[in-house]
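Written out below as structure tokens is the structure these notes cover.
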Amino acid sequence: MEGTAALVATLVAYQLLLLGIGAWAAGRTRDQADFFLGGRGLGAWVASLSAAASSSSAWTLLGVSGAAFERGLSAVWILPACLGGFALNWFLVAERLRRESAGGGAVTLTEFLAEGAVGSARRRIVRSASAVVLLSLGTYVASQFKAAGVTFGESLGLDPAPAILVGAGIVLLYTLSGGFWAVSVTDLVQGLVMVGAAVLVPVAALVAAGGPAGVAAGLERAGPEFADLFRGAGGPAALGLVIGYLGIGLGYPGQPHVVNRFMALRGPAEVRRGTWISLVWALLIYSGMLVAGWSGRALVTELGDHEAVLLRLTHDLFPPAVAGLIVAAVLSAIMSTADSQLLVCGSAVAYDLAGADAGDRIRTSRLTVLAIGLAAVAAALGIEQTIFSSVLFAWSGLGAAFGPLLLVRLWRGPVRPGFVLAAIWTGFLVTIYWFFTPALKGRLYELVPAFAAAGLVALLGSRPRPHSARSASTGA
Numbered sequence: 318m319e320g321t322a323a324l325v326a327t328l329v330a331y332q333l334l335l336l337g338i339g340a341w342a343a344g345r346t347r348d349q350a351d352f353f354l355g356g357r358g359l360g361a362w363v364a365s366l367s368a369a370a371s372s373s374s375a376w377t378l379l380g381v382s383g384a385a386f387e388r389g390l391s392a393v394w395i396l397p398a399c400l401g402g403f404a405l406n407w408f409l410v411a412e413r414l415r416r417e418s419a420g421g422g423a424v425t426l427t428e429f430l431a432e433g434a435v436g437s438a439r440r441r442i443v444r445s446a447s448a449v450v451l452l453s454l455g456t457y458v459a460s461q462f463k464a465a466g467v468t469f470g471e472s473l474g475l476d477p478a479p480a481i482l483v484g485a486g487i488v489l490l491y492t493l494s495g496g497f498w499a500v501s502v503t504d505l506v507q508g509l510v511m512v513g514a515a516v517l518v519p520v521a522a523l524v525a526a527g528g529p530a531g532v533a534a535g536l537e538r539a540g541p542e543f544a545d546l547f548r549g550a551g552g553p554a555a556l557g558l559v560i561g562y563l564g565i566g567l568g569y570p571g572q573p574h575v576v577n578r579f580m581a582l583r584g585p586a587e588v589r590r591g592t593w594i595s596l597v598w599a600l601l602i603y604s605g606m607l608v609a610g611w612s613g614r615a616l617v618t619e620l621g622d623h624e625a626v627l628l629r630l631t632h633d634l635f636p637p638a639v640a641g642l643i644v645a646a647v648l649s650a651i652m653s654t655a656d657s658q659l660l661v662c663g664s665a666v667a668y669d670l671a672g673a674d675a676g677d678r679i680r681t682s683r684l685t686v687l688a689i690g691l692a693a694v695a696a697a698l699g700i701e702q703t704i705f706s707s708v709l710f711a712w713s714g715l716g717a718a719f720g721p722l723l724l725v726r727l728w729r730g731p732v733r734p735g736f737v738l739a740a741i742w743t744g745f746l747v748t749i750y751w752f753f754t755p756a757l758k759g760r761l762y763e764l765v766p767a768f769a770a771a772g773l774v775a776l777l778g779s780r781p782r783p784h785s786a787r788s789a790s791t792g793a
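According to our numbering, the sequence shown is numbered sequentially starting from 318.
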């Protein structure tokens, strides 16, 4: 009982800190530019850790450690996939998107991609992009709230329903009050808590398992496929497994809740510093979760839900107060993604769909955040898929719809409005078709073919910049 009280006290103190940040941010939010993009004044630490934390949801702490536990060494391909995705975003997207969105005054990714389109063509692009954002991020947020239920259920023995309601309520409170500033600063705090847990738990688990040799023995006991980088596959099947994992990295440029941090960066110096902060963070987080999952194979004999391995290790290896901090890290992963996604949903309705003549965009955005949050809670109570699977589906829908289009727009030149619309729907619909076709889904992760198809459409519709404009864009 005393252990539970210490854990709960730690969690309560952490949630009060987040709500306090929300109250502080509400005082800084003076206008629409502050609410939606923080006045384009984010520094390197806030932007990099906020972008990193919002892209690394419960999928990262619970899903990746669970995948390592369930799939063994073959899960190692997640590490280069995610590091590659971080590098893709920071080296190829961040500075160009910051500069070009500021130059055109774009506040949302949709607004940036629709630049150059007018009249009915612009309306179709905005409505289509907003539909993809709301459908994908609604699914994504629901999976985060489900993860809250798993976290509280495993650590405190609570029923998932009230746990989901509490977690959702806290996220909604500080997102509604402080907007982008609240979301970004809380994500900074949550990113630091996450990386602390991603170092502490794997090190303790690795030592408890008897070091690398003990972990290797545990994987061998589980079965020969657990100690195989290709999970027993060979030839084309092994190649498909590796390409499928590496394809996860293609999704990073298409996540609106991540790339809007680049639009909010103060200047190029912040981009350069933020790049390395973000890459080091990603290396620690993803390698740590893989080690935790593999060590769990050597330490945990029975586990009903493989995505609860991190929480089981936390319960078994640490005193209650420390366990409370680690559970707070898991909640950080959930909240840092859900808050960013809810704010993007609000922006999609209030800023993109409402149009230039909208009266009170902040109020409309807050109502949208509340509505999407409540719908996500309802969906979370009925989701049966694993966190790993449901997040990857939403990730693919966004990544394929927007990622190829954004890269072509930044590096080649404007895309004709009809092709913008076609690229968005090609990426999104190929994702859905591939995901729901068993013969295809089992062969290759749906993001890979969807990204390729949408990228081809965007390239066909692009208008290369004149050489002088391209040189100016690169700063040459």
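Glycine residues also receive a C-beta, built at the ideal position from the N, C-alpha and C atoms.
Extent of the continuous alpha helix (DSSP H) run through residue i
i: alanine 423; result: Careful: alanine 423 lies outside any alpha helix (DSSP H) and carries neither H nor E.
i: phenylalanine 543; result: Taken as a continuous stretch (DSSP letters only), phenylalanine 543 belongs to no alpha helix (DSSP H), as it is neither H nor E.
i: tyrosine 750; result: 734-752
i: tyrosine 562; result: 553-563
i: alanine 534; result: 528-539
i: valine 410; result: Per DSSP, valine 410 belongs to no alpha helix (DSSP H) and is neither H nor E.
i: glutamine 461; result: 436-473
i: serine 382; result: 382-388
i: alanine 625; result: Run containing alanine 625: none; DSSP gives neither H nor E here.
i: proline 755; result: 755-758
For residue i, the three-state DSSP class (helix, strand or coil)
i: alanine 326; result: helix
i: serine 374; result: coil
i: leucine 698; result: coil
i: leucine 359; result: strand
i: leucine 724; result: helix
i: leucine 582; result: strand
Minimum C-alpha distance to residue i - residue among the options
i: leucine 536; options: Trp611, Phe745, Pro397, Ala688; result: Trp611
i: glycine 528; options: Ala369, Val449, Ala615, Trp728; result: Ala615
i: tyrosine 668; options: Asp504, Ala446, Gly571, Thr327; result: Ala446
i: isoleucine 487; options: Trp712, Trp728, Pro636, Val694; result: Val694
i: tyrosine 569; options: Val765, Ala770, Pro783; result: Val765
i: serine 372; options: Pro781, His632, His574; result: His574
i: proline 519; options: Ala530, Asp504, Gly605, Leu489; result: Gly605
i: tyrosine 457; options: Arg388, Thr654, Gly641; result: Thr654
i: alanine 599; options: Ser437, Gly513, Ala448; result: Gly513
i: alanine 646; options: Gly389, Ala465, Ala459; result: Ala465
i: leucine 627; options: Val450, Leu430, Val516, Ala419; result: Val516
i: proline 477; options: Gly730, Ala756, Ala739, Leu698; result: Leu698
Residue environment, residue i, which counts as buried when at least 16 other CB atoms sit within 10 Å
i: valine 435; result: exposed
i: glycine 551; result: exposed
i: alanine 384; result: buried
i: leucine 691; result: exposed
i: arginine 589; result: exposed
i: glutamate 619; result: exposed
i: methionine 656; result: The displayed chain sequence assigns aspartate, not methionine, to residue 656. So aspartate 656 counts as buried.
i: valine 576; result: buried
i: glycine 380; result: buried
i: valine 329; result: exposed
i: leucine 523; result: buried
- [ ] Specify whether the region 395-412 and the region 677-696 touch according to this definition: at least 3 beta carbon pairs, one from each stretch, less than 8 angstroms apart.
- [x] These segments do not touch.
- [ ] Take every Cβ of the region 595-605, pair it with every Cβ of the region 392-409, and state whether three or more of those distances are shorter than 8 angstroms.
- [x] Verdict: yes, contact present.
- [ ] Evaluate the contact criterion for the region 744-760 versus the region 543-550: three or more CB pairs, one atom per stretch, below 8 angstroms.
- [x] For the pair of segments examined, the region 744-760 was found not to touch the region 543-550: the number of CB pairs separated by less than 8 angstroms stays below three.
Open item on the list: With three or more beta-carbon pairs closer than 8 angstroms as the criterion, would you say the region 475-486 touches the region 613-627?
Closed with: Using a Cβ-Cβ distance cut-off of 8 angstroms, the region 475-486 and the region 613-627 are not in contact, since fewer than three pairs of beta carbons, one from each stretch, lie closer than that value.
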